[in-house]
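Only one structure is covered here, and it is reproduced in the block below.
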Amino acid sequence: MCIPDKGKDKYQQQENFRKAAYKLYAVLKTKKITSVTISDIKKNIQNSISFAEGLALSNYQFLKYFKNAKEKESKLQEIFIQLPKSADSSIEKLNAVIEAVYTARNLVNEPSNFLTATQLAKEAKEFCVSAGCRVEIFEKKRIEALKMGGLLAVNKGSVDPPTFTTIEWKPAKSKNKKPIILVGKGLVFDTGGLSLKSTAGMDAMKSDMGGAAAVIGTMYAVAKAKLPVHIIGLIPSTDNRPGVNAYAPQDVIKMHNGLMVEVLNTDAEGRLILADALSYAKQFNPELVIDLATLTGAATVATGQHGIVAMGTASDKFFDALDKSGYNVYERIVRFPLWDEYKEYIKSDIADIKNVGNREAGAITAGKFLECFTKYPWIHLDIAGSAYLDYQTHYRGKAGSGIGVRLLFDFFRNYTVGKFNSKYF
């Protein structure tokens, strides 16, 4: 087959290898090929790994609910790579990431009549414990004791209870003295609540837990690869429905950190459950907190499926490292400002803050809301545009994309080697 052009830079070159693998996969699928061997492409280990990665990601399928699933299954079962022994560690890491992305995609693709908040917590525990993580699930009584008013308010319209899941990977010889925290929005379905979405606006709302899926996948991959970094994942989870007891516009909620929030739109619920989790993270005295959420339509309008909106209070060192990882794996971030002027947009007349701002700068005002619950270095990633894709163009597939797993794994891999370099795996 043709080897892709180098591209404008080394990052694009590796992305071209992944996309070339997707084109090959289409041929393999048609011919029902069961195994493939990849030689050392142009005598470059990284080329071969990127090609194998693209091929493996292209082979993902979600067939659980098809009666004739066996008939639809891809025949490709094995991918061999001819590389020197020195590349074994890279292959092991690649396998861990592929497993993690597959599971993240599965979780996003599951319907909400299966994937309740309780089931999401169960899936997270089973998957992450298998890699060596410690997992604890807080039920509703514990959440009430912790006074997580945002999570409890959003859950009021649901017949299913909320959950709050903690996942910890703490190896014996961690590179960091203070943990890095990941927070993932776990809205298993979002109707908008009493501020009800349109039918079209609800079409993909089972994917509103894409941030939680990314955190679960990242925790698994880091633990499976045994990266020497102490990280903790926090996942607040519920659905948002217009039940008879649902929270309403103009309600005032007392949050985990004591702030009073006026609710003007019940469809701005993700920031409420994230805020409680971000406040809870403070007790760990973290070096850095990164949250991932399908948070705003404004982020989708800004970058579409090709970018991740980023903002926060962390130092440029962390943003630059995340930016570099974004190019390494082509899950690129676009940094937005978090200027103080935007806080004026979320001032309330009757409470400390309100949960929505003006029509303008929607992604940023959501970030300013979350900032009120952070007292540490923090990065917010709005993955609304890239967590769920309407059509397939390459190896990321259609529907759940697993966005964020590869980005954060590369970030942590670089962190553990003491530098943020440009070499992927």
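Position in the sequence shown counted from 1, then plus 16, gives you our numbering.
Glycine is no exception: its CB is placed at the ideal position from the N, C-alpha and C atoms.
Straight through space, the alpha carbons of residue 43 and residue 79 are spaced by roughly 20 Å. Annotation: residue 171 to residue 365 spans about 25 Å, alpha carbon to alpha carbon.
Residue 244 sits away from residue 303, with the two beta carbons spaced by 8 Å or more. Beta-carbon to beta-carbon, residue 329 and residue 133 are separated by about 29 Å, too far to satisfy the 8 Å threshold.
For residue 295, the enclosing alpha helix (DSSP H) starts and ends at 286 to 297. Here residue 51 carries a strand assignment [DSSP, helix/strand/coil]. Residue state for residue 179 is assigned as strand, using DSSP reduced to three classes. Along the region 327 to 357, the alpha helix (DSSP H) occurs as fully enclosed runs of 4 or more residues at 332 to 345, listed in sequence order. When 104, 101, 167, 242 are compared, the shortest CA-CA separation from residue 271 is found for 167. Uninterrupted alpha helix (DSSP H) stretches at least 4 residues long and entirely within the region 347 to 422 occur at 378 to 387, given in chain order. Collapsing the DSSP output to three states places residue 207 in coil. Pairwise C-beta distances place the region 71 to 89 out of contact with the region 371 to 386, as fewer than three of them are shorter than 8 Å. Distances from the CA of residue 425 to each of 298, 376, 251, 198 were compared; the closest alpha carbon is that of 198. In the DSSP assignment, residue 271 is bridged to no other residue.
Only buried fits residue 67, as 16 or more other CB atoms lie within 10 angstroms of its CB.
In this structure the region 297 to 311 touches the region 226 to 234; the number of beta carbon pairs closer than 8 Å is three or more.
Per DSSP, the beta-bridge partners of residue 150 are 184.
The three-state reading of DSSP puts residue 130 in coil, since its state is none of H, G, I, E or B. With a contact defined as Cβ atoms closer than 8 Å, residue 50 and residue 110 miss out at about 20 Å.
Here DSSP, grouped into helix, strand and coil, assigns residue 309 to strand.
A residue is called buried when at least 16 other Cβ atoms come within 10 angstroms of its Cβ; residue 283 meets this threshold and is buried.
Relative to residue 235, the option among 146, 158, 25 whose CA is nearest is 146. In the DSSP assignment, residue 235 falls within the unbroken alpha helix (DSSP H) covering 226 to 240. In the structure shown, residue 217 falls within a helical segment according to DSSP collapsed to helix, strand and coil. Linking residue 238 to residue 372 through their CA atoms gives a straight-line distance of about 35 Å. Counting only the Cα atoms, residue 285 lies some 16 Å from residue 396. An exposed status is given to residue 130, since fewer than 16 other beta-carbon atoms sit within 10 Å of its beta-carbon.
Just so you know, the alpha carbons of residue 403 and residue 86 end up roughly 27 Å apart.
In this model, residue 408 and residue 414 are separated by some 5 Å (Cα to Cα). The C-alpha of residue 355 lies about 9 Å from the C-alpha of residue 380. In the DSSP assignment, residue 113 falls within the unbroken alpha helix (DSSP H) covering 104 to 125.
Between the alpha carbons of residue 299 and residue 88 lies a gap of roughly 48 Å. Between residue 117 and residue 421, the gap from beta carbon to beta carbon is short of 8 Å. Proximity to residue 265 across 291, 154, 257, 211 peaks at 211, based on C-alpha coordinates.
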